[in-house]
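Number of protein chains: 2
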Amino acid sequence: MSIKRKKITSSAYFIGMNGNGIVSFGSGQPDLPPPSTIFKHAGDARLFRYGLIKGEIDLRKALAKQYPDAAPEDFVVTNGASEALDLVFRAIHRMHGKAKVLVCRPYYYSYPPIVELAGLEPVYTDLEDGKINLRDFEKKVKSVKAVLINSPSNPTGRVEDLATLRAIEKITAKRGVYVVSDEVYKDLIYERENYLIKGRHVITINSFSKTYSMCGLRIGYLFARDPRIVEAVVALKVHTSMNTDVLGQEMALRATKVPRSFINHQTAIWKQRRDYIYGGLRAMGFDLWKPEGAFYVLPKIKNSGRVVEDLYYDHKVIVYDGAWFGAPGRIRLSYALELPKIKEGLSRIAKYIKGKESWLK
Amino acid sequence: MSIKRKKITSSAYFIGMNGNGIVSFGSGQPDLPPPSTIFKHAGDARLFRYGLIKGEIDLRKALAKQYPDAAPEDFVVTNGASEALDLVFRAIHRMHGKAKVLVCRPYYYSYPPIVELAGLEPVYTDLEDGKINLRDFEKKVKSVKAVLINSPSNPTGRVEDLATLRAIEKITAKRGVYVVSDEVYKDLIYERENYLIKGRHVITINSFSKTYSMCGLRIGYLFARDPRIVEAVVALKVHTSMNTDVLGQEMALRATKVPRSFINHQTAIWKQRRDYIYGGLRAMGFDLWKPEGAFYVLPKIKNSGRVVEDLYYDHKVIVYDGAWFGAPGRIRLSYALELPKIKEGLSRIAKYIKGKESWLK
Chain A
1 MSIKRKKITS SAYFIGMNGN GIVSFGSGQP DLPPPSTIFK HAGDARLFRY GLIKGEIDLR
61 KALAKQYPDA APEDFVVTNG ASEALDLVFR AIHRMHGKAK VLVCRPYYYS YPPIVELAGL
121 EPVYTDLEDG KINLRDFEKK VKSVKAVLIN SPSNPTGRVE DLATLRAIEK ITAKRGVYVV
181 SDEVYKDLIY ERENYLIKGR HVITINSFSK TYSMCGLRIG YLFARDPRIV EAVVALKVHT
241 SMNTDVLGQE MALRATKVPR SFINHQTAIW KQRRDYIYGG LRAMGFDLWK PEGAFYVLPK
301 IKNSGRVVED LYYDHKVIVY DGAWFGAPGR IRLSYALELP KIKEGLSRIA KYIKGKESWL
361 K
Chain B
1001 MSIKRKKITS SAYFIGMNGN GIVSFGSGQP DLPPPSTIFK HAGDARLFRY GLIKGEIDLR
1061 KALAKQYPDA APEDFVVTNG ASEALDLVFR AIHRMHGKAK VLVCRPYYYS YPPIVELAGL
1121 EPVYTDLEDG KINLRDFEKK VKSVKAVLIN SPSNPTGRVE DLATLRAIEK ITAKRGVYVV
1181 SDEVYKDLIY ERENYLIKGR HVITINSFSK TYSMCGLRIG YLFARDPRIV EAVVALKVHT
1241 SMNTDVLGQE MALRATKVPR SFINHQTAIW KQRRDYIYGG LRAMGFDLWK PEGAFYVLPK
1301 IKNSGRVVED LYYDHKVIVY DGAWFGAPGR IRLSYALELP KIKEGLSRIA KYIKGKESWL
1361 K
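Chains as they are written, first to last, in this note's numbering: chain A, 1 to 361; chain B, 1001 to 1361.
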């Protein structure tokens, strides 16, 4: 049953890994199919021509309807949320020079490199029970030009309290600090509706990848009420990648027309999986936070690096090392896979941890 | 006939501009249709899932067959040639720190900002009759870490002599200087076959946009024999944009299977247009280089900024100011439009320059 053993130092090792009896709790990619209507596209040559750097006007009009008091000019459609983040931080660097950015830890693994690649310096506030500690946040926000918020969060699965988000809105507005709010899981919340952080200093990042299972197409966007941010991002993107894939944007436009019931149906499936994996891991003795959104759990386990390698090589189960997310001593499991596979994966994990119960303390 | 007059300071003003009786010699976008076979795609959910950061293996295998002694691992598929350039220069900056990059002037307008955004410094060698002056090149190459070559060239339409390209290959290899060779017009040469600049120090940039009229999909790639370059680019791209659009890559894969006759047929059309616009402008008294590749002419004209505005506002003809390409006193005309439109555009230009013959000297 085992695979040839190599050192595993990042999630990049597992990209594109499947088949061969492997159960993967790795990738944050929905296994659910995208809405069928997005597939139908005419062989329309228009879709193959250069488009506006900001994104197609029809898509930006549809997006503007989803946000309060928003106009199509407030949006830039990007190659996934990743490019939106990369461009926003590069724009902030160009506008304000070297500056610090406050990042919540545990974090999505790309956050520190994206901030650093833009020439900015990440500083960290450690989450408490997976949530922002406002006192620490208030202390650290004093030295930064921007904060990066991700609620619901990858990798914690936590959703920040409304009071926290409202407090952050105010503190940052008062101090003239940008809020970069990565809300790509906004439609995957089990507990309440998403709360949109608002203000002229806020840059909202979003994507069609998770809500509509369109990861491969890379259609994301940013929404900013400050036209200087939008202009600075467009001034970069015209050189660094030009327009975002026009055909993908057409598909995203169709996705905006999918009835809300599509999303509700998916959320019900996610919730069922959440309940199953959370209950299963608890029953095995794992200490973990209950996910309130997104589709990740981040249970504690000692020797997490070794656990990742043992599970993969000896049990063909892919989990990610919490250390890659700034959370050593934990592992991240994505539950973006169907229930029977989750069940099979958990039973293999149960077999592995037998006799290692002390690692879960 | 006139349009409300505003100051025009860059080609961005004209993006997406058409209809309303306008003749556009602006955008470098083929008007010819893409191969029909790329349109047929199944509603295959695989195309909507995250893909490899490097690009789909089938596409990289197909690309490897197009280059001598190449392997699929030597390629990274990117969001157009633009992202390939952005990532390559960011990678060079990360590997070698602040360094100079030698850029030929006139240049494609994105070159200086792409180099600068990566934290590198562009230095220039001025083209002579639209071609590299080897003596000046040899002098300036001594202070740089990379050179950026673009043959066939946008905006000059010139193709470097084989002897020049071979000399550059040797000089740079000897000095340990990277050659970033942007060959996106390699299939649009009227005079000879493309010459691929070779060597472990060479990074070839290419795209499906021009050859297959697929600009909007943004499928480009880089090819490098030095695995450190490929690894450095992938290490960036995993954070800055993740995989390139998988559906677009599937279409690009199909384009690689289109018979050579498709390209030959297109080249014949380009050549006819080249002959027409070159002859037409010469007959009007313009001083310009004969395009040997790509689909641009760059004739001399005094007051080029005013000419761009007059032609657009008073005659509904879009041309670009040579100043945007490092060539003040010239205008750039793209002839990526059908013959009757080229004819109409030229007759409007003829009307405009009547009485301004001294501007053409």
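Glycine is no exception: its CB is placed at the ideal position from the N, C-alpha and C atoms.
Per-residue burial, residue i [other beta carbons within 10 Å of its own, 16 or more giving buried]
i         : result
A/Thr156  : buried
B/Asp1275 : exposed
A/Gly363  : The requested residue 363 of chain A is not part of the displayed model; chain A covers only 1 to 361.
B/Arg1049 : buried
B/Lys1351 : exposed
A/Leu281  : buried
A/Lys237  : buried
B/Arg1060 : buried
A/Ile362  : Chain A is shown only over 1 to 361; residue 362 of chain A falls outside these bounds and no answer can be derived.
A/Glu128  : exposed
A/Gln66   : exposed
A/Lys186  : buried
A/Glu56   : buried
A/Arg158  : buried
B/Gly1326 : buried
A/Gly97   : exposed
B/Asp1074 : buried
A/Asn154  : buried
A/Gly21   : exposed
Whole-angstrom C-beta distance between residue j and residue i, which should lie under 8 Å
i         : j         : result
B/Glu1083 : A/Thr240  : 6 Å
A/Val103  : A/Pro112  : 7 Å
A/Val317  : A/Arg348  : 5 Å
A/Val230  : A/Val179  : That pair is no contact at about 16 Å.
B/Leu1188 : B/Gly1293 : 5 Å
A/Gly51   : A/Ser207  : About 18 Å; that fails the 8 Å criterion.
A/Leu346  : A/Ile301  : Actually they are not in contact, since the Cβ atoms of A/Leu346 and A/Ile301 sit about 14 Å apart, beyond 8 Å.
A/Arg225  : A/Arg200  : 5 Å
B/Val1297 : B/Tyr1320 : About 11 Å separates the two Cβ atoms, so there is no contact after all.
B/Val1141 : B/Ile1171 : 6 Å
Nearest-angstrom Cα separation, counted from residue j out to residue i
i         : j         : result
A/Glu183  : A/Thr204  : 7 Å
B/Ile1331 : A/Leu247  : 32 Å
A/Ala91   : A/Val233  : 6 Å
B/Ala1042 : B/Glu1250 : Its pLDDT being 47, under 50, B/Ala1042 is placed unreliably by the model, and the measurement read from it follows with that caveat. Going by the C-alpha atoms only, they are around 10 Å apart.
B/Trp1289 : B/Arg1105 : 15 Å
B/Val1177 : A/Ile149  : 42 Å
A/Gly305  : A/Ala323  : 8 Å
B/Gly1028 : B/Ala1062 : 26 Å
B/Ser1036 : B/Arg1254 : 10 Å
A/Ser213  : A/Ala235  : 30 Å
B/Leu1162 : B/Tyr1195 : 7 Å
B/Glu1138 : B/Gly1220 : 30 Å
B/Leu1032 : B/Thr1078 : 23 Å
B/Ala1329 : B/Gly1119 : Here the sequence assigns Gly to residue 1329 of chain B, which means Ala is not the residue at that position. Using only the alpha carbons, I get a separation of about 30 Å.
A/Ile3    : A/Phe14   : 13 Å
B/Leu1134 : B/Lys1100 : 18 Å
B/Val1008 : B/Val1308 : Checking the displayed sequence, the identity of residue 1008 of chain B turns out to be Ile instead of Val. Looking at the two C-alpha atoms, the distance is approximately 8 Å.
A/Pro291  : A/Ile132  : 15 Å
B/His1227 : B/Pro1068 : The sequence shown places Pro at residue 1227 of chain B, rather than the His named in the question. Using only the alpha carbons, I get a separation of about 16 Å.
A/Met242  : B/Asp1245 : 14 Å
A/Gly285  : A/His93   : 46 Å
B/Phe1089 : B/Lys1054 : 17 Å
Residues that residue i contacts on chain D, provided the C-beta gap is smaller than 7 Å
i         : result
B/Met1214 : Reference to chain D is not applicable here, since the protein chains of this structure are A and B.
Report the residue ranges of all beta strand (DSSP E) runs contained in full by the segment 77-156 of chain A; include only those spanning at least 3 residues, in chain order. 100-105, 121-126 and 146-149
By the 8 Å beta-carbon criterion, what residues does the segment 1129-1162 of chain B contribute toward chain A? none
Residues in the segment 281-306 of chain A with C-beta within 8 Å of chain B's C-beta atoms, listed in sequence order? none
Output the residue ranges of the alpha helix (DSSP H) runs that lie fully inside the segment 294-361 of chain A and measure 4 residues or longer, sorted by chain position. 304-315 and 339-353
Below 7 Å between beta carbons is the criterion; list the residues of the segment 42-66 of chain A that meet it against any residue of chain B, in chain order. Gly43, Ala45, Leu47, Phe48, Arg49, Tyr50, Gly51, Leu52 and Ile53
Within the segment 157-192 of chain A, note down every full alpha helix (DSSP H) run reaching 4 residues or more, in order along the chain. 162-175
Please identify, using Cβ separations under 8 Å, the residues of the segment 1239-1250 of chain B that lie next to chain A, in order along the chain. His1239, Thr1240, Ser1241, Met1242, Asn1243, Thr1244, Asp1245, Val1246, Leu1247 and Gly1248
Interfacial residues, the segment 1064-1083 of chain B to chain A, with Cβ spacing under 7 Å: Asn1079, Gly1080, Ser1082 and Glu1083
If you measure beta-carbon to beta-carbon, which residues of the segment 1024-1036 of chain B are closer than 8 Å to chain A? Ser1027, Gln1029, Pro1033, Pro1034 and Ser1036
Name, going along the chain, the residues of the segment 254-265 of chain A whose beta-carbon falls closer than 9 Å to a beta-carbon of chain B. none
Listed in chain order, which residues of the segment 320-338 of chain A have Cβ atoms closer than 7 Å to some Cβ of chain B? none
Which runs of the beta strand (DSSP E), 3 residues or longer, sit entirely within the segment 1199-1226 of chain B? 1202-1207 and 1219-1224
Report the residue ranges of all alpha helix (DSSP H) runs contained in full by the segment 1229-1276 of chain B; include only those spanning at least 4 residues, in chain order. 1246-1256
Scan the segment 1113-1124 of chain B for residues whose Cβ lies nearer than 9 Å to a Cβ of chain A and list them as they occur along the chain. Pro1113, Ile1114, Leu1117 and Gly1119
Closer than 7 Å, Cβ to Cβ, to anything on chain A: give me those residues from the segment 1195-1222 of chain B, in chain order. Ser1213, Met1214, Cys1215, Gly1216, Leu1217 and Arg1218
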